[in-house]
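Numbers given in the numbering used here equal positions in the sequence shown, counted from 1, plus 1. Yeah, the Cβ is synthetic: ideal placement off N, Cα and C, and Gly gets one too. Quick caveat: nothing in here was measured; it's all calculated off a predicted structure.
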Amino acid sequence: MAKIVLEKLVKDNPAGLLEFFKNLDKETFGIDWKLHEYQQTALKHALNTLFYFFHQKEHLYNHYQTQTIEDWKKQMSYANDSTHFGLLGQYYKVEDNQIPYTEFLNRASLWMATGSGKTLVLIKLIEFLHQLATYNHIPKNDILILAPKPEILNQIKEHIEVFNKNSSVKINLKDLREFEKSKHLQTSLYEPDGITVFYYRSDNITDVDKTEQLSYKTVLNNGKWYVLLDEAHKGDKEDSIRQAYYSILAHKGFIFSFSATFTDTVDIVTTAYNFNLKKFIETGYGKHITVSGQEYKNWNKNKGDFSETEKTEMVVKSLLVLTAIKKEAEYIKTHHPDLYHN
C-alpha cells in the first residue's frame with residue numbers, strides 16, 4: 002500500500018505563512034458548537050496545503066519529487082496506454098508519452114474516521130475558501146460538493162443550516178443543474194457575506210446529459226472548481242472513469258477528498274491529515290464505535306488494494322476493538338449501574 006507523503010510537509014506551518022491564514026477561526030461552528038482539536042488540526046493542514054499550492058508551489062512539488070520511493074509516482078502517472086489517457090490528455094500536459102504525476106498534485110485528502118465530524122470540517126473549509134478568495138489569497142473558483150448518496154448530501158445540508166445560524170458567511174446551496182443559470186445571472190457567486198455552493202450526486206456525473214445524469218462537459222467551468230468529495234472516491238475499478246471526470250472539473254482548481262477509508266494511491270499519497278479509525282480510537286475519541294465491513298467490502302473486487310497480511314491485520318484489530326468494547330461495557334454495567342449510556 003502507498004505511503005502518506007503530503008502530511009509530512011503540511012503538519013507544520015510553512016515559512017512565510019501569511020497571518021491571514023493563521024488567524025482564521027478554526028473553532029466556532031454555528032451558535033454554540035466548538036470543533037474538537039483534531040478537527041482544527043485538519044483545517045490547519047488544509048490551509049497549509051492551500052498556501053503551499055497557491056503561494057509556494059515549487060516548494061510543494063520539491064517535497065513530492067524528493068521522496069525516494071518511486072512506485073507511487075508511476076502509479077499516479079498516466080502512460081499513453083492507460084485506460085483514461087485519451088480523455089485526460091485533452092486537459093493535462095503530456096510529457097514523454099505520459100501525463101506525469103505532478104499534474105495531479107492539486108489535491109489533498111482528509112482521512113477522518115466515521116463519527117469524527119468530517120462534515121463539519123468540510124463546511125468550515127468552505128468558509129475559509131470564501132474568506133481566502135475574497136481577500137485574493139486564492140482564486141475565486143466556484144465550489145462544488147460531490148457525494149455518492151442522498152443521505153450524505155442531506156447531512157451536509159442539515160449541518161449547513163446549523164452553520165448559517167451564526168456565521169458572517171452564509172452558504173447558499175444549489176443543485177448543480179442550476180449552474181449555467183446561476184452563472185448567467187451572476188458573474189461571481191462570491192458575495193461579501195455569502196457564497197453559492199453547488200452540490201450533486203457524484204455517481205451521476207457522466208459524459209452525457211440524461212435525466213438525473215449530468216455531463217461533466219456541461220459544468221466544466223474551464224476546470225476552475227474547488228471540488229469537495231465526500232466519500233466520492235469509492236467505487237469499483239470500472240467506475241474509475243468518474244475519478245477522471247472529477248479531476249478534469251478541477252484541473253485548474255483544487256480537490257479536497259474526505260473519507261474514512263482510502264485505498265487509491267493518489268488519495269493516500271496526497272493525504273494532508275490522517276485521523277483514521279486507529280488514531281480516532283487511540284486518542285480517546287469515539288463515543289459511538291461501530292465495527293463494520295466498510296474496509297473489507299471491496300476485497301473480492303479490488304484484490305490488489307490489500308495484501309493477505311493486511312487483511313488479516315484489519316480483521317484482528319476489529320475483533321480486538323470489539324472485545325475491548327464489550328468488556329468495558331460489562332465492567333461499567335456491573336460497577337456503575339447508575340450511569341446512562343446509549
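Under a Cβ-count criterion, where at least 16 other Cβ atoms within 10 Å of its own Cβ denotes burial, should residue i be classed as buried or exposed?
i: VAL122; result: buried
i: GLU239; result: The predicted model places GLU239 with a pLDDT of 42, which falls under 50 and marks its position as unreliable; any figure quoted below should be read in that light. Counting Cβ neighbours within 10 Å, GLU239 comes out exposed, since fewer than 16 surround it.
i: LYS9; result: exposed
i: GLN187; result: exposed
i: PRO149; result: buried
i: GLN68; result: exposed
i: GLY87; result: exposed
i: LYS327; result: exposed
i: TYR136; result: exposed
i: ASP33; result: exposed
i: ASN167; result: exposed
i: ILE70; result: exposed
i: LEU320; result: exposed
i: HIS131; result: buried
i: GLU232; result: buried
i: ASP176; result: exposed
i: ALA3; result: buried
i: LEU89; result: buried
i: ASP210; result: exposed
i: HIS160; result: buried
i: THR284; result: exposed
i: ALA273; result: buried
i: GLU128; result: buried
i: THR197; result: buried
i: VAL317; result: exposed
i: THR50; result: buried
i: LEU323; result: exposed
i: LYS75; result: exposed
i: SER189; result: exposed
In the DSSP assignment, find the unbroken beta strand (DSSP E) run with residue i in it and report its ends.
i: PHE263; result: That residue, PHE263, is in no beta strand (DSSP E); it is neither H nor E in DSSP.
State the DSSP-derived secondary structure class of residue i, mapped to helix, strand or coil.
i: ASN24; result: helix
i: GLU96; result: strand
i: VAL316; result: helix
i: THR272; result: strand
i: ILE326; result: helix
i: ILE70; result: coil
i: HIS46; result: helix
i: LYS119; result: helix
i: THR135; result: helix
i: LYS35; result: strand
i: LEU221; result: coil
i: LYS125; result: helix
i: TYR53; result: helix
i: ASP237; result: Low per-residue confidence applies at ASP237: pLDDT is 48, beneath 50, and the placement is therefore not dependable, though the value from the model is reported in the following sentence. It is coil, neither helix nor strand.
Strictly by DSSP, which residues pair up with residue i?
i: LEU130; result: DSSP lists no partner for LEU130.
i: ALA148; result: ARG202
i: SER258; result: SER110 and LEU230
i: SER143; result: Sequence check: residue 143 is Asp here, not Ser. Note: ASP143 sits in a beta bridge opposite TRP226.
i: LEU215; result: ILE206
i: PHE30; result: TRP34
Which residues mark the beginning and the end of the alpha helix (DSSP H) in which residue i is found?
i: ILE249; result: 241 to 250
i: TYR65; result: 58 to 66
i: LEU7; result: 7 to 11
i: LEU18; result: Run containing LEU18: none; DSSP gives neither H nor E here.
i: LYS280; result: 278 to 283
| Can you list, in chain order, the stretches of the alpha helix (DSSP H) that have 4 or more residues and sit fully within the stretch 150 to 207? | 151 to 165 and 180 to 186
| said: Going residue by residue through the stretch 72 to 116, where are the continuous beta strand (DSSP E) segments of at least 3 residues, counting only ones entirely within it? | reply: 108 to 113
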